Amino acid sequence: MFLMLTMILGLLPQAAMAKDKWSIDGAGDITSISIAQDGSRLAIGSHGAKANVYSSDGEPIFGFDAKNVVTGVQLMKNGDLIVSSDDRHLYAFDAKGTKLWDKNMKLQIKGISSSLDGLVTAVFTQRSENVVFIDPATGDPKNEAKTGAIIKTIKVSPNGKWVAAASSDQYIHLMNEQGEVLRKFGASGQIMSIAVSDQGETAVGTESKRVEWFDQDGKRQHSFSTRDSATHVSYTADGKYLAVSDLSGYFYLLDSKGKQLWETKINGQGRNVELDTEGKILYAGTGDGQVLKYDVGAIVSQAQKQGKVRMGLWAAASLVVIAAIWLGLRMMKKRNRLGVFLDIWKSKWVYLGLAPTFILLLTFLYFPAFSGLFHSLYKWQPGARTTFIGLDNFRRMFHDPYVVHGIGNLLILIITGLVKTIIPPLIVAELIYHLRSKRMQYGFRTAFTASMVIPGVAMLLVWQNLYDPNLGLFNNFLELIGLGSWAHGWLGDPKTALWALIFMGFPFVGILQLLVFYAGLLSIPVELVESAKIDGAGLPRIIRSIHLPLLAGQFKFLIILALIGIVQDFNGILIVTGGGPMDSTYVPALQMYYAATKFNDLGYASALGVSMFVVIMIITIINLKFIRTEND
154 MFLMLTMILG LLPQAAMAKD KWSIDGAGDI TSISIAQDGS RLAIGSHGAK
204 ANVYSSDGEP IFGFDAKNVV TGVQLMKNGD LIVSSDDRHL YAFDAKGTKL
254 WDKNMKLQIK GISSSLDGLV TAVFTQRSEN VVFIDPATGD PKNEAKTGAI
304 IKTIKVSPNG KWVAAASSDQ YIHLMNEQGE VLRKFGASGQ IMSIAVSDQG
354 ETAVGTESKR VEWFDQDGKR QHSFSTRDSA THVSYTADGK YLAVSDLSGY
404 FYLLDSKGKQ LWETKINGQG RNVELDTEGK ILYAGTGDGQ VLKYDVGAIV
454 SQAQKQGKVR MGLWAAASLV VIAAIWLGLR MMKKRNRLGV FLDIWKSKWV
504 YLGLAPTFIL LLTFLYFPAF SGLFHSLYKW QPGARTTFIG LDNFRRMFHD
554 PYVVHGIGNL LILIITGLVK TIIPPLIVAE LIYHLRSKRM QYGFRTAFTA
604 SMVIPGVAML LVWQNLYDPN LGLFNNFLEL IGLGSWAHGW LGDPKTALWA
654 LIFMGFPFVG ILQLLVFYAG LLSIPVELVE SAKIDGAGLP RIIRSIHLPL
704 LAGQFKFLII LALIGIVQDF NGILIVTGGG PMDSTYVPAL QMYYAATKFN
754 DLGYASALGV SMFVVIMIIT IINLKFIRTE ND
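Following my numbering, the numbering of the sequence shown begins with 154 at its first residue and continues without gaps.
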């Protein structure tokens, strides 16, 4: 248990607070952030046509006002700054803010990226299909790389060996430093931002609330779900950590395997993130011109320690398992019980024949059950991020009006369902049992069991048509006998919909229940009944004093089956009313189905399923405790 708790705690995200925060007047959206290689300064570009350089503590060094949106800023190793703008110009400044050159590119420049040393610098222009490599000393184009689709964003790796360009057709074009396209591979949504590491690993943030990782061969490795469209992603140089921002104001820190290490939330939009080369400082830009500085170094160090601890724990657990197996075999040898393995080997073909059955049972029955139990404690999104939330899903049920109202409906369905399950089949079984002619008994049994071939959905649709307010048999019959004022939209009225559902299946003679009771009656010794008749007992007394007590096992079995079926069942409600009108026919099982299928809230659906399992188990235990049979 200690090992498990330690490993679980290691999976929980850590926390960090904004160390510094400052605002840029009139900046609007922060469009780009660039950090110097030594981390001593950073450049900020904004939608308000501003480019500003700050020290790492947020002290302004110099600023520049462009004539349109600043679409990119890039700090070079020597302290120079290159700025791209929608005013169609590239600007270069030295470390003191003196303009070095100004290059008119004739088209709006939508982004810029460069290596840390500045030797590989790339830009792209509005609605262009080409990546333009420029000379950072003059701004003159050196060469172009064609992609064949309109470019959305570009990124140069810190060492300059890789250039990644994302296009509007959802493809990533991975190039070398000369602009030769080496790989082309697709993302699952419109790409909003891209990052590339020194090893050529690529990460993209998409409009479909997803971050995806690709290796240098273009194979998808991992994915992570954000709460909103991922507006920006930023790698550390070694690719071990990735920062992400989304449109709802969340910032995330992830490792290279897609595991979340940290997140925070601001009031506003998250627009940009940038990690320093070591991944210890994260700068975040917002939609209202704010820049936030987070010290995430402790989180990165903790993640590294946890990785080592987890490896040690797994190694220790493996050793414990091996030692336990060795001790077990040693004890069996002392007691001369190793022969069981010889018996198993002799029956190996039998075990081999049973293996597919057990594998299928474990895969499709037991694994989903235990998975639901585990994920009921999580905000679960299969294939993406899963967040531990403890008992929040269970607390949520008490405040869910559909579940609260559904419990009331479920109690009504349980009471009426038990009556329908027990009384009509028992009466019919007694009637068949007391027929004098064996042929008649066989004929009635056959007639009842023949109805089992009719699909349950077909029966529901027939009853749905019977309740039809215009063409249904019930309303037409009422019209025929002069009670047209009683005609009603039975399934469309919240006051009658649930009772209309309950009445479906009249006269409620369940075939399984009928056969169970009939078989129970046949198993009662004839001598008991004959003795009762000799003592003057009539049929009602025989039924009350002999049949009912000796059918206790059948009652117990059918009550358990009925309770499980009623609590879990929602098929008829889903087909006929869908839970309506309003929530008059809602039950918890239907809410579980909708949570899983319509709202993709699988953690909450799992919690509902676990709750129903607990209720069924409690009712079953009570039933087994208080309904006594002759074998108890």
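Yeah, the Cβ is synthetic: ideal placement off N, Cα and C, and Gly gets one too. Every value quoted in this text rests on a predicted model; they were computed, and no experiment measured them.
Distance check for residue j and residue i, CA to CA, integer angstroms please.
| i | j | result |
| --- | --- | --- |
| G392 | S376 | 15 Å |
| G198 | G733 | 53 Å |
| S193 | K230 | 11 Å |
| F779 | T569 | 20 Å |
| F710 | I575 | 11 Å |
| G442 | S208 | 17 Å |
| Y403 | T359 | 15 Å |
| R336 | M550 | 49 Å |
| N623 | F630 | 12 Å |
| N776 | L716 | 10 Å |
| T540 | K418 | 15 Å |
| W498 | V473 | 26 Å |
| S454 | V349 | 22 Å |
| K252 | K203 | 15 Å |
| L395 | I347 | 11 Å |
| D399 | F656 | 52 Å |
| G440 | A180 | 9 Å |
| V720 | D646 | 24 Å |
| R694 | L703 | 13 Å |
| F752 | V615 | 30 Å |
| A742 | L526 | 16 Å |
| V444 | G332 | 33 Å |
| A611 | N618 | 11 Å |
Would you mind reading off the limits of the beta strand (DSSP E) that contains residue i?
| i | result |
| --- | --- |
| G718 | Looking at the DSSP string, G718 is not in any beta strand (DSSP E); the run it does join, the alpha helix (DSSP H), is A705 to Q721. |
| G225 | V223 to L228 |
| Q443 | Q443 to D448 |
| Q744 | Q744 -> not in any beta strand (DSSP E); alpha helix (DSSP H) instead, spanning P741 to T750. |
| R336 | V334 to G339 |
| E427 | G423 to L428 |
| R488 | Note, R488: premise wrong, no beta strand (DSSP E); not H, not E. |
| N257 | K252 to N257 |
| A348 | I344 to V349 |
Name the one or two DSSP bridge partners that residue i has.
| i | result |
| --- | --- |
| F217 | A204 |
| Y786 | The structure shown has nothing for residue 786, since the chain only spans 154 to 785. |
| D173 | K446 |
| Y388 | L395 |
| M328 | V316 and V334 |
| S378 | R363 |
| Y436 | E427 and K446 |
| Y757 | Answer by DSSP bridge pairing: none, since Y757 is not bridged. |
| L195 | I188 and Y207 |
| T274 | S267 and I287 |
| F246 | L234 and K252 |
| I262 | T278 |
| A180 | In DSSP, A180 forms no bridge with anything. |
So, with DSSP's three-state summary, where would you put residue i?
| i | result |
| --- | --- |
| P294 | strand |
| M657 | coil |
| V462 | helix |
| L162 | The predicted position of L162 is uncertain, since its pLDDT is 41 and thus under 50; no value can be drawn from it. |
| A476 | helix |
| I774 | helix |
| H587 | coil |
| V556 | helix |
| M157 | Its pLDDT being 43, under 50, M157 is placed unreliably in this model, and the value from its coordinates should be taken loosely. Correct three-state label for M157: helix. |
| L579 | helix |
| R131 | The shown model of the chain, from 154 to 785, leaves out residue 131, and the question about it has no answer. |
| T355 | strand |
Taking 7 Å as the cut-off, is the beta-carbon of residue i closer than that to any non-hydrogen atom of the ligand SAH?
| i | result |
| --- | --- |
| A715 | The ligand SAH is not among the ligands present in this structure, which contains no ligands whatsoever. |
Is the CB-CB distance between residue i and residue j below 8 Å?
| i | j | result |
| --- | --- | --- |
| I186 | G438 | yes |
| V276 | L243 | yes |
| G342 | Q323 | yes |
| P311 | D351 | yes |
| S267 | T278 | no |
| E137 | V285 | Lying outside 154 to 785, the shown extent of the chain, residue 137 is not represented and no answer is given. |
Where do the N-terminal and C-terminal ends of the alpha helix (DSSP H) with residue i fall, by residue?
| i | result |
| --- | --- |
| W616 | G609 to L619 |
| G492 | G492 to K499 |
| D239 | Run containing D239: none; DSSP gives neither H nor E here. |
| L675 | I664 to L675 |
| I304 | Unbroken run through I304 is the beta strand (DSSP E), I304 to V309; no alpha helix (DSSP H). |
| I687 | V679 to I687 |
With 8 Å set as the bound, which would you pick, yes or no: does the beta-carbon of residue i sit closer than that to a beta-carbon of chain B?
| i | result |
| --- | --- |
| L624 | Reference to chain B is not applicable here, since this structure consists of a single protein chain. |
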